[in-house]
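One structure below.
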Amino acid sequence: MNIKTHNSFFLVFLFVLFNSFHGSISDLDSLILGCGTENTAKDADGRNWEPDTKYINEENSVSVRAQYQDPSLISETPYMTARIFTSKVTYKFPVKPKKRYWLRLHFYPSVYGSNNAEESYFNVIANDLTLLKNFSTSLTCKSLTQAYVMREYTLAPSASNSLGLTFEPTLGFAFVNGIELILVPELFDTVSVMGFSDQTLDAKTTNMQTMYRLNVGGQYISPTNDSGLTRTWYDDYPYLYGAQSGVSIEASPNVNIDYKKVPTFAAPTDVYRTARSMGGTKEMNLNYNLTWVFQQIDPNYMYLVRLHFCDFKYAKPNEIVFNIFLNNQTAQSGADVVGWSGGKAVPTYKDYVVYVTDGKGDEELWVAVNPATETKPEYYDAIVNGIEIFKMEAKKNLAGPNPKPSEMLAKNEQQQKTFQSKKNHAQVIGGAIGGVVSIGIVAALCIAIYQRKKRYTSIDSHTSSWLPIYGNSHTTASKSAISGKSTASSHLSATAQGRCRRFSFMEMKKATKSFDEANVIGVGGFGKVYKGIIDVGTKVAIKRSNPSSEQGVHEFQTEIEMLSELRHKHLVSLIGFCEEDNEMCLVYDYMALGTLREHLYKGNKPHLSWKRRLELCIGAAKGLHYLHTGAKWTIIHRDVKTTNILLDEHWVAKVSDFGLSKTGPDMSTGHVSTVVKGSFGYLDPEYFQRQQLTEKSDVYSFGVVLFEVLCARPALNPSLPKEQVSLADWALHCQKKGTLEDIIDPTLKGKIHPESMKKFADTAEKCLSDHGMDRPTLNDILWNLEFSLQLQENMDGSSHSSKRGGETSSEDGSVRHQNMAKHYNNLSLGSDSELGSDDTSGQNSTAIFSQIVNPRGR
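FYI, in mature numbering (1 follows the signal peptide of the UniProt record, and there is no 0) the residues of the sequence shown are -26 to -1, 1 to 832.
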């Protein structure tokens, strides 16, 4: 063997030895503990959770299993078991001196034996660092509308070879479900503090709490796909602010990410392969900031904001240059990603420290970018690939106050208590137990039942357990098992498959030009929606499931089963589906004019007239009315919102997205008991509290849509003062105060007939009644909307009447009411003449409401 061969062999041997050694060290230095468990168990990501018994004195604690598994828990491990502490107890963990660690604490506030998490408040201290103080997991989860919560900390290197993690009850008991202690490389360096040009902060010696970690422009990244550091990265869309949200872009498959400026553990490749840019229109980009808003930020702390960049489109400096702002302060002028990194597809990141003061409105952190014009770049654009935000310790403290539930949630809870107190439970419970129980026991049982329901109420959400949910409304849904995709169609009924065309995946690729990003026309919980062409010229919309999406197999099946049986002018038609090679696609009629929302405020569309808005609301109401009364069984949509009302090229409104819909042959009980799903801002408070879904839940959501149409603003806008965040609450407040005209779309002022406005607003107000029994039916809503349209047409001079002496000669109002009511009561929306009808001529007397009320048709 020559020397060269010997050296090569020796180097290979060392490489193998190093990797083996490195792997074993990594395993030894990572503790993933299921608290209270007796045996090793795997979570949904396939990670092993070991028992925690060897790190704690079991005499001072007890292991208990939760009495109830919330449906939104994507994994039983580690949340269904807990270690309970009734006195101060400390875990002892071995650590390497002068090394940085992730510390993650998992909590699931449930009932553990006789211990109710609603009565639990406690402190958590790591050595001498206070992580949580008087912490309530119940209040935190209620505020975030989540079933569980996780807190992640990055512990600075210390000289000690052990970590003491202390749980100390301040009221009731303390508990924890899971603990992770992960050895990580040093991630930080010295950073300048914004606003203090001469002040720097040594982040290498600072303890921090992770507040947010976002894959900007991309999808959810699980801990097992994160460069070995087991971080979780979330979609940035819920945190975007304003009507302009930029565009998501993705590197082409032939682009290789070159980590020559940053270590590979800085962020996963998937973070650097996707980004959000402002778009390709110079004039538009110069007139807005691409902005993210982060709330529940504790004041009087410094925050380290890390922005990740990787320009995989341009290769030369000064092609795109932009400014970066944090809380309206300039963090960076003239940011040039290629100039920083030295080339195309080379990742880099920048750290900034901002101090958040204690003042009104300062519980937020804003990140914004816009094009810089000083250097006259070739393109006026900006990009961001990832955002991480860390709270930095202050005087050995990272604890913040318990969050307060939103005003809407608090109001709903108070209403529920009032509602419960008014109900006569004595008859029901008294009959069940033979009439021998005293009134006092009955009352106690009622309270117990209400508290139990309140504990178990949750919103299915695959959102970060440290991230609050706000910003743009998103459909919430439990994460489906992606591994089941390949058998999705096998669970469809033969009837459903027979009614739908089955496409091959090659047909889907051909229709969308291999899912070209230029063909993306929308993004939802299920995945991206592409414009496509099939059968030599037929335009379609193709919804492709994303493996990391919040919706999955169940929604895929529900959509096909539902829409295969439904054919109605005001429902989006399903053409077919594709289920092949772990891919799921749904193919719909193409809706050329997009969503109702983008014509109101989420796009650069011409302003809609009041008459047009009424017509669109009437169309959507007809679709919902058919679901409730015209189909074989009652169908409750469960996700009515302006993004799920689509418009075709003829301005016909069609209800879409049936992935969350519920149906059943027997609605004699008046409701379906089910876990809460839907979109924030549109959720029926009665359904939210009681988990009892009725068709009146759709009515509530539609009431929010009506006010959205009138006011041209989102259902939730966290940038507004607290009393105005919820459109439903604010519109009702203004309606009762008589100031509703102050908040309507400015483009409509002076153009709405006062009586038309009054009828419309009264209808929307009734839809938002606290209790379902007080809300109108879709039949009533249609009647009122048609009447509101008639009133508006009289003002516009387009009604079917003649003018004499300057006055309109038409039916008396009361007579018109009677005639319209007669028409509605005699009309069956489930008739064959309505199904699949595209006739808008007004000649078919059984076709649609508007044609009966207005013989000219629309």
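For glycine and all other residues, C-beta sits at the position ideal for the given N, C-alpha and C.
Since this is a predicted model, take the numbers as computed values, not measurements.
Neighbourhood of residue 378 by C-beta, 6 angstroms cutoff - its chain only, sequence neighbours within 5 removed
none
Whose C-beta lies closer than 6 angstroms to the C-beta of residue 373 among residues of the same chain, with five residues either side of it excluded?
104, 106, 107
C-alpha distance - residue 314 paired with residue 288, whole-angstrom precision
13 angstroms
Beta bridge counterpart(s) of residue 16 as assigned by DSSP
22
Residue 85 - partner residues in DSSP beta bridges:
90
To the nearest angstrom, how far is the alpha carbon of residue 677 from that of residue 613?
Rounded to the nearest angstrom, the two C-alpha atoms are 13 angstroms apart.
Inter-residue spacing [alpha-carbon to alpha-carbon] between residue 21 and residue 207
Rounded to whole angstroms, residue 21 to residue 207 spans 17 angstroms at the Cα level.
What is the residue span of the alpha helix (DSSP H) that residue 597 lies within?
584 to 599
Three-state class that DSSP yields for residue -3 in the structure shown
Here residue -3 scores only 32 on pLDDT, less than 50, and its place in the model should not be relied on; the value that follows carries that caveat. Here residue -3 sits in helix by DSSP.
To the nearest whole angstrom, what separates the beta carbons of residue 214 and residue 266, a pair I think is in contact under 8 angstroms?
6 angstroms
Using a Cβ-Cβ cutoff of less than 6 angstroms, which residues in the same chain neighbour residue 53 once the five nearest sequence positions on both sides are dropped?
47, 82, 122, 151
Length at least 4, wholly inside the stretch 715 to 757: the alpha helix (DSSP H) runs in chain order:
Listed in chain order, the complete alpha helix (DSSP H) runs (minimum 4 residues) inside the stretch 715 to 757 are 728 to 741.
Extract the residue ranges of the beta strand (DSSP E) inside the stretch 496 to 559, only unbroken runs of 3 or more that lie entirely within it.
501 to 508, 512 to 519, 548 to 554
Here's a check: name, in chain order, each residue in its chain whose Cβ is nearer than 6 angstroms to the Cβ of residue 3, leaving out the five neighbours to either side.
157
Closest by CA to residue 686, which one among 572, 535, 117?
Nearest option by C-alpha distance: 572.
Can you tell me which of 96, 563, 79 puts its alpha carbon nearest to the alpha carbon of residue 61?
96
Which residue marks the beginning of the beta strand (DSSP E) containing residue 282, and which one marks its end?
Segment 275 to 283, the beta strand (DSSP E) holding residue 282.
Starting from residue 671, trace the beta strand (DSSP E) in both directions and tell me its first and last residue.
Not the beta strand (DSSP E): residue 671 falls in the alpha helix (DSSP H), residues 669 to 685.
Just to confirm, is the Cβ distance from residue 756 to residue 706 under 8 angstroms?
With respect to the 8 angstroms criterion, residue 756 and residue 706 are not classified as neighbours on the basis of their beta carbons.
Any contact between the stretch 169 to 179 and the stretch 219 to 231? By contact I mean 3 or more CB pairs, one from each, below 8 angstroms.
no
Which of the three DSSP states, helix, strand or coil, is assigned to residue 76?
strand
Cβ-based burial, residue 615 [other Cβ within 10 Å; buried from 16]:
buried
Per DSSP, the bridge partner or partners of residue 39:
Note: residue 39 sits in a beta bridge opposite 55.
Member of 92, 132, 101 whose CA lies at the smallest distance from the CA of residue 113:
92
Whole angstroms are fine: how far does the CA of residue 249 sit from the CA of residue 127?
26 angstroms
Identify every run of the beta strand (DSSP E) within the stretch 214 to 268, keeping only runs that are complete inside it and at least 3 residues long; order them along the chain.
Segments of the beta strand (DSSP E) lying fully in the stretch 214 to 268: 221 to 224, 248 to 251, 264 to 268.
Can you have a look at residue 255 and say buried or exposed, based on whether 16 or more other CB atoms are within 10 angstroms of its CB?
exposed
Residue 659 (DSSP reduced to helix, strand or coil)
helix
Nonlocal neighbours in the same chain, by C-beta distance under 6 angstroms from residue 317, ignoring five residues either side
Excluding positions up to five away in sequence, the list is empty.
DSSP has residue 182 in a bridge; who is on the other side?
128, 366
If residue 546 and residue 629 are in contact, beta carbons under 8 angstroms, what's the gap, nearest whole angstrom?
7 angstroms
Beta-carbon contacts of residue 247 that lie in its chain and below 8 angstroms, excluding the five residues immediately before and after:
192, 224, 225, 229, 231, 284, 286
Could I get the ranges of all uninterrupted beta strand (DSSP E) runs contained in the stretch 136 to 166, with 3 residues as the minimum, in chain order?
136 to 145, 148 to 150, 152 to 158
Kindly give me the distance between the Cβ atoms of residue 141 and residue 201, rounded to whole angstroms, as I take these residues to be in contact under 8 angstroms.
31 angstroms between Cβ atoms; not a contact.
Excluding the five sequence neighbours on either side, which residues of its own chain have a C-beta within less than 6 angstroms of the C-beta of residue 802, listed in chain order?
At residue 802, the pLDDT of 31 sits below 50, so the modelled position is not reliable; the number obtained from the coordinates is stated separately. Answer for residue 802: no residue qualifies.
Within the same chain, show all residues whose beta-carbon is closer than 8 angstroms to that of residue 361, passing over the 5 residues directly before and after it, in chain order.
186, 187, 188, 190, 210, 266, 279, 280, 281, 282, 341
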